[in-house]
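Student:
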Amino acid sequence: MNFELSEDQRMIVDAAVGFVRKQSPVTRMRKLRDDDRGWSPDTWRQMGELGWLGLPFPESIGGFGGSLVDVALVLEQLGTTLVPEPMASSLTAGMTILRAGDEAQHKAWLAPMIEGKASLALAWAERESRYDATKVATSAERIRAGYRLSGHKQFVLDGHAASQLVVSARCDGAVALFVIDATTPGVRVRPLRTLDGRRAAAIDFEDVVFGDDRRLGREGATALAYALDVGAALACAEGVGIMRAVLAMTTEYLRTREQFGVKIGSFQVLQHRAVDMFVELELAYSMALAAAIQVDQPATVSAAKAQLAESGRFVTQQAIQLHGGIGITDEHDVGLYFKRMHALNAMYGDAEYHIARFATLVQSTR
Amino acid sequence: MDLAYSAEHTAFRAEVRAFIAGAMPPHLRAKADIDAHFEHHEVMEWHRILHAKGWVAPHWPVEHGGPGLDATQRFILGEELELANAPQLSPFGLSMVGPAIIEFGTPEQKARFLPKILAGDEVWCQGYSEPNAGSDLASLRTRAIADGDDLLVTGQKTWTTHAQYADWIFCLVRTDPDAKKQSGISFLLIDLKSPGATVKPFLTIGGTPAFCETWFDNVRVPRANLVGQLHGGWTVAKALLGHERTLIAAVGHIGRALRTCRRIAAAQGLTDPAFTAKIARLAIRHRSLEMTNLRSLASAQLGRAPGPESSILKIRGAELLQQCYELAMELMGHDSLAWFPEPGIVPPIESAIAPAFCYLRATTIYGGSNEIQKNIIAKHLLRLA
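These protein sequence lines map, in sequence, to chains A and B.
Taking numbering that gives the first Met the number 0, I'd label the letters of the first sequence as residues 0 to 365.
Taking numbering that gives the first Met the number 0, I'd label the letters of the second sequence as residues 0 to 384.
#1: Considering only the alpha carbon of each residue, which of B/Ser5, B/Glu349, B/Phe201, B/Arg258 lies closest to B/Trp158?
#2: Buried or exposed for B/Tyr127, please, with buried defined as at least 16 other CB atoms from any protein chain shown within 10 angstroms of its CB.
#3: In whole angstroms, give me the CA-to-CA distance for A/Gly368 and A/Ala87.
#4: If you follow the beta strand (DSSP E) that A/Tyr146 is part of, which residue opens it and which one closes it?
#5: Could you name the residues of the same chain whose beta carbon sits closer than 7 Å to that of B/Val15, not counting the 5 residues immediately before and after it, in chain order?
#6: Taking its Cβ as the centre, do 16 or more other Cβ atoms sit within 10 Å of B/Glu81, making it buried, or is it exposed?
#7: Any C-beta of chain B within less than 7 Å: which residues of the region 237-262 of chain A qualify?
#8: Let me know the secondary structure DSSP gives A/Leu253 once reduced to three states.
#9: Can you give me the Cβ contacts of A/Arg365 inside the same chain, cut-off strictly under 8 Å, excluding the 5 residues immediately before and after it?
#10: Find the residues of chain B that neighbour A/Met340, judging by a C-beta separation of less than 7 Å, and give them in chain order.
#11: B/Tyr4 touches chain A at which residues, Cβ-Cβ below 8 Å?
#12: To the nearest angstrom, how far is the alpha carbon of B/Pro346 from that of B/Ala266?
#13: Below 7 Å on C-beta distance, what does A/Ala15 contact in chain B?
#14: Would you tell me roughly how many angstroms separate the C-alpha atoms of A/Gly210 and A/Arg187, rounded to the nearest one?
#15: Using a Cβ-Cβ distance under 7 Å, would B/Lys373 count as near chain A?
#16: Using beta carbons (cut-off 7 Å, strictly below), is A/Gln270 in contact with chain B?
#17: What residues from chain A crowd round B/Thr71, counting only those whose CB sits closer than 9 Å?
#18: If you check the beta carbons only, do A/Val245 and A/Tyr336 fall under 7 Å apart?
#19: Does any C-beta atom of chain A lie closer than 7 Å to the C-beta of B/Ala257?
#20: For A/Gln306, decide whether its Cβ has a neighbour in chain B, counting only Cβ atoms nearer than 7 Å.
#21: Which word fits A/Ala15, buried or exposed, when buried means at least 16 other C-beta atoms lie within 10 angstroms of its C-beta?
#22: Assuming B/Ala134 is part of the beta strand (DSSP E), what are its boundary residues?
#23: Can you name the residues of chain B whose CB is closer than 9 Å to the CB of A/Met286?
#24: Could you tell me which of B/Val42, B/Cys170, B/Thr203, B/Pro66 sits nearest to B/Arg360, measuring between CA atoms?
#25: Does any residue of chain B bring its CB to less than 7 Å from the CB of A/Ala71?
#26: Quick one: Cα of B/Asp1 to Cα of A/Asp69, how far?
#27: If you draw a straight line from the C-alpha of A/Gly240 to the C-alpha of A/Ala200, how long is it?
#28: For B/Thr153, write down the residues that DSSP places opposite it in a beta bridge.
#29: Would you mind telling me which residues of chain B sit closer than 8 Å to A/Ile292, beta carbon to beta carbon, in chain order?
#30: Any idea if A/Phe259 is buried or exposed, counting beta-carbon neighbours within 10 angstroms, 16 or more meaning buried?
#31: Taking three-plus beta-carbon pairs below 8 Å as touching, is the region 126-138 of chain A in contact with the region 5-13 of chain A?
#32: For a test of the three-state rule: what should DSSP assign to A/Gln163, helix, strand or coil?
#33: Mind checking the region 303-317 of chain B against chain A and listing, in chain order, the residues whose C-beta falls within less than 8 Å of any C-beta there?
#34: Taking only the alpha-carbon atoms, compute the straight-line gap between A/Ala234 and A/Thr299 and give it to the nearest angstrom.
#35: Can you pull the chain B residues whose beta carbon is under 8 Å from the beta carbon of A/Ile354, in chain order?
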């Protein structure tokens with residue numbers, strides 16, 4: 000049992016702290032809300048140079064040979080200033096390729112992302128699927144030397160700018176995963192805005208034809224389930240960063256705002272609310288660590304994601320409440336965090352989904 | 000980073016589990032299985048069993064009879080005892096006055112008191128709270144006036160848990176009425192058989208006589224029974240609060256309560272997804288607390304003082320324990336109405352839940368209420384005042 004950062008991890012965290020302070024304060028995200036892409040390719044390349052995009056990937060393809068914990072440590076920091084680059088979504092898609100793909104596929108699609116020259120997206124959610132990744136209407140049929148795929152995916156996170164899409168489809172009765180170039184004829188990517196000022200895509204696939212070498216492994220359901228757990232674990236890490244930021248912001252406000260001739264932080268009811276926020280943050284942080292360390296254990300990931308939902312919702316809602324009226328203005332940052340927290344809660348399985356999954360998994364082992 | 004226990008610690012857990020399974024007499028086991036209330040003599044019976052094994056005071060230094068376990072082993076031992084629902088030993092001698100004497104006591108006090116605490120030959124209780132000194136403990140009024148080599152103690156203490164079984168009580172008493180609140184208080188050991196000391200138990204809402212009121216009417220106590228400096232009692236009391244808190248979260252107890260909930264749900268034939276989700280939600284909160292406790296434990300293992308995460312353990316552990324028993328009662332439906340029922344009225348697993356549900360309302364009050372804990376966190380960690 001050990002929760003200490005290694006020397007490497009300490010350096011990674013320091014670099015991320017420096018980055019969010021000096022280069023990516025919330026004002027940058029605010030500006031990029033109105034940008035078509037919503038994030039900066041220059042910054043993405045810089046993240047590649049910093050080594051962040053290669054953290055969990057093997058050195059043979061230019062990665063760092065680290066673990067998901069390393070990624071989580073960075074994302075926690077990026078969460079503190081709502082850095083909009085698609086690190087979590089792109090690495091989640093990347094981890095799917097790493098898990099299910101072969102060496103040639105790793106080289107072809109992971110290497111460019113690791114360098115920050117391209118980004119990836121995971122296209123799994125459909126209109127009818129809700130959070131069940133095995134409910135797939137998109138279908139692929141085998142044709143000579145390849146496949147033909149048709150269907151519709153939505154809420155493909157950061158899918159509007161991804162060069163390669165990891166797509167789930169029903170093939171020969173089972174779930175299969177394919178990596179499809181976004182510029183392939185028959186792929187129609189429609190960008191859509193999400194409530195947190197970011198972008199996702201609705202993507203139509205109409206008789207999209209591609210080669211055999213774009214299928215990831217033989218069996219897709221396990222790899223996809225793993226990918227969604229990676230996404231959930233990373234959402235937990237980012238959510239902890241959000242909670243840290245809004246708790247700091249809120250206690251600072253309580254220390255400076257005056258009403259009735261005193262600092263409002265002298266009121267016990269507000270002090271106790273702030274402590275309740277602190278308690279939730281600590282619990283969610285513990286679980287975010289657990290999820291990153293044990294991402295291969297679905298019960299841990301589900302517990303973490305459900306805890307994130309409960310804690311994150313409480314902390315961001317109370318942050319607004321304690322700021323009073325200015326908390327609901329677009330001008331104040333606290334609302335941006337609140338909205339991003341909702342987005343994190345809604346992706347890769349919401350609280351109800353994960354509570355139910357946890358119940359099934361834990362019951363089956365007792 | 001790594002969540003797994005080392006091979007040594009895993010082996011130690013197995014050793015503890017095997018010991019408990021082998022050492023717990025059948026009549027205690029039968030009660031443990033259904034969460035029943037242990038009588039005082041049963042608690043002391045288990046005390047002596049643990050003492051014989053050398054595990055009765057895991058956190059005491061070896062020179063005073065501790066077993067020399069590391070922080071993680073101490074936690075594992077405590078957690079396994081909770082999971083097995085072994086009788087919970089009285090903390091007043093082993094965890095409070097014992098450590099106070101070890102840290103502040105004279106060589107004579109150590110020789111006189113520590114061996115009897117370990118052996119269970121003398122039982123202790125705590126005299127802190129008074130009718131008008133609860134959360135505001137420093138306003139206590141029980142006074143001790145110097146009289147030659149003795150102190151004469153007069154006043155009333157309340158919530159003196161298990162005083163009816165105790166031989167000794169450690170008290171905070173006011174020795175300097177003119178000094179500021181905290182600075183006029185001393186830490187005093189009083190023999191409850193002394194003339195002028197009166198103990199009267201009262202029932203809790205759980206139907207058991209856990210608490211007492213204790214009166215002192217000019218009770219004569221030798222000065223040699225002062226622990227620490229005269230007027231320095233607050234320092235002694237505060238030092239006790241700074242000790243490790245990895246067992247304060249009651250992670251094992253909550254885990255057992257959740258297991259009880261599942262067993263009750265099975266006994267009731269409940270398959271309603273709403274109940275399943277309720278149990279799962281509490282189990283997730285439990286896991287979050289457990290993981291936070293592990294962070295605290297890993298830090299204690301490295302010899303560090305309790306960090307910010309440890310301050311939330313008491314608050315959340317106390318709440319969660321209450322939530323578990325609340326859910327257990329809900330799962331029981333009509334059965335939750337039965338109060339100390341005759342055998343056969345309700346399934347055995349349910350028979351002792353209602354008193355525990357009632358009594359455990361105390362967890363958010365004792366040891367510094369949750370509100371007091373929050374005041375402390377607000378002031379010291381969040382710097383709000």
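Using N, Cα and C, we set each Cβ at its ideal position, and we do this for glycine too.
Tutor: Let me lay it out:
#1: Position 159 of the second sequence, counted from the start, is the residue given in the question as residue 158 of chain B. Looking at the Cα atoms, B/Phe201 is the closest of the given residues.
#2: Position 128 of the second sequence, counted from the first residue, corresponds to residue 127 of chain B. Around the beta carbon of B/Tyr127, 16 or more other beta carbons sit within 10 angstroms, so the residue counts as buried.
#3: This structure does not reach residue 368 of chain A, given that chain A is present from 0 up to 365, and the question cannot be answered.
#4: By one-based count along the first sequence, residue 146 of chain A stands at place 147. First-last of the beta strand (DSSP E) with A/Tyr146: 145-156.
#5: To locate residue 15 of chain B, count along the second sequence from 1; it is residue 16. Cβ within range, chain order: Ile75, Leu76, Glu79.
#6: On the second sequence, residue 81 of chain B is found 82 positions in, with the first residue counted as 1. It counts as buried.
#7: Under the 7 Å Cβ criterion, the region 237-262 of chain A contributes Thr250, Leu253, Arg254.
#8: Taking the first residue of the first sequence as position 1, residue 253 of chain A is located at position 254. Looking at A/Leu253 - three-state DSSP - the assignment turns out to be helix.
#9: Your numbering for residue 365 of chain A matches position 366 in the first sequence. Only weak support exists for where A/Arg365 lies, its pLDDT of 48 falling under 50; the coordinates are left without a value.
#10: The residue labelled residue 340 of chain A in the question sits at position 341 within the first sequence. Chain-ordered listing is empty here: chain B has no CB closer than 7 Å to the CB of A/Met340, the nearest sitting near 17 Å.
#11: Within the second sequence, residue 4 of chain B is the residue found at index 5, counting from 1. Here the neighbours are Met0.
#12: Locating residue 346 of chain B in the second sequence gives position 347, counting from the first residue. Locating residue 266 of chain B in the second sequence gives position 267, counting from the first residue. Rounded to whole angstroms, B/Pro346 to B/Ala266 spans 7 Å at the Cα level.
#13: Residue mapping note: residue 15 of chain A aligns to position 16 of the first sequence, counting from 1. Per Cβ cutoff of 7 Å: no residues; A/Ala15 is ~16 Å from chain B at best.
#14: Within the first sequence, the letter at position 211 stands for residue 210 of chain A. Within the first sequence, the letter at position 188 stands for residue 187 of chain A. Approximately 19 Å, taken between the alpha carbons.
#15: As a working note, residue 373 of chain B is residue 374 in the second sequence. Judged by the 7 Å Cβ criterion, B/Lys373 is in contact with chain A.
#16: Locating residue 270 of chain A in the first sequence gives position 271, where the first residue counts as 1. Interface annotation, A/Gln270: in contact with chain B, CB-CB separation under 7 Å.
#17: Residue numbering aside, residue 71 of chain B sits at position 72 when the second sequence is read from its first letter. The contacting residues are Met0.
#18: Within the first sequence, the letter at position 246 stands for residue 245 of chain A. Within the first sequence, the letter at position 337 stands for residue 336 of chain A. With respect to the 7 Å criterion, A/Val245 and A/Tyr336 are classified as neighbours on the basis of their beta carbons.
#19: Translated into positions along the second sequence, residue 257 of chain B becomes position 258. First, the residue type needs correcting, since residue 257 of chain B is Leu and not Ala in the sequence shown. Not closer than 7 Å to any Cβ of chain A, the Cβ of B/Leu257 fails to qualify, so no.
#20: In the first sequence, residue 306 of chain A corresponds to position 307, counting from 1. Cβ-Cβ to chain B under 7 Å: yes for A/Gln306.
#21: Mapped onto the first sequence, residue 15 of chain A falls at position 16. A residue is called buried when at least 16 other Cβ atoms come within 10 angstroms of its Cβ; A/Ala15 meets this threshold and is buried.
#22: As a working note, residue 134 of chain B is residue 135 in the second sequence. Residue identity check: residue 134 of chain B is Ser in the sequence provided, not Ala. Element bounds for B/Ser134: n/a, residue is neither H nor E.
#23: Residue mapping note: residue 286 of chain A aligns to position 287 of the first sequence, counting from 1. Chain-ordered, the chain B residues with CB closer than 9 Å to the CB of A/Met286 read Ile283, Arg286, Ser287, Met290, Thr291.
#24: For the purposes of this step, residue 360 of chain B is taken as residue 361 along the second sequence, with counting starting at 1. Shortest Cα-Cα distance from B/Arg360 to any of B/Val42, B/Cys170, B/Thr203, B/Pro66 involves B/Thr203.
#25: Within the first sequence, the letter at position 72 stands for residue 71 of chain A. Cβ-Cβ to chain B under 7 Å: no for A/Ala71.
#26: In the second sequence, residue 1 of chain B corresponds to position 2, counting from 1. In the first sequence, residue 69 of chain A corresponds to position 70, counting from 1. It is roughly 13 Å from the alpha-carbon of B/Asp1 to the alpha-carbon of A/Asp69.
#27: Reading the first sequence from its first residue, position 241 is the one you call residue 240 of chain A. Reading the first sequence from its first residue, position 201 is the one you call residue 200 of chain A. Going from the Cα of A/Gly240 to the Cα of A/Ala200 covers about 25 Å.
#28: Reading the second sequence from its first residue, position 154 is the one you call residue 153 of chain B. DSSP lists B/Arg142 as the bridge partner or partners of B/Thr153.
#29: Stepping through the first sequence from its first residue, residue 292 of chain A is reached at position 293. Chain B residues near A/Ile292: Met0, Asp1, Leu2.
#30: By 1-based counting over the first sequence, the position of residue 259 of chain A is 260. Taking every protein chain shown into account, the CB of A/Phe259 has fewer than 16 other CB atoms within 10 angstroms, so this residue is exposed.
#31: Inter-segment contact for the region 126-138 of chain A and the region 5-13 of chain A is absent: fewer than three beta-carbon pairs are separated by less than 8 Å.
#32: Against the first sequence, residue 163 of chain A aligns to sequence position 164. Secondary structure at A/Gln163: strand, using DSSP grouped into helix, strand and coil.
#33: Listed by position, the residues of the region 303-317 of chain B near chain A (Cβ gap below 8 Å) are Pro307, Glu308, Ile311, Ile314, Arg315.
#34: Position 235 of the first sequence, counted from the start, is the residue given in the question as residue 234 of chain A. Position 300 of the first sequence, counted from the start, is the residue given in the question as residue 299 of chain A. The straight-line gap from Cα to Cα measures roughly 14 Å.
#35: Translated into positions along the first sequence, residue 354 of chain A becomes position 355. Listed along chain B are Ala276, Ala279, Arg280, Ile283, each with a C-beta nearer than 8 Å to that of A/Ile354.
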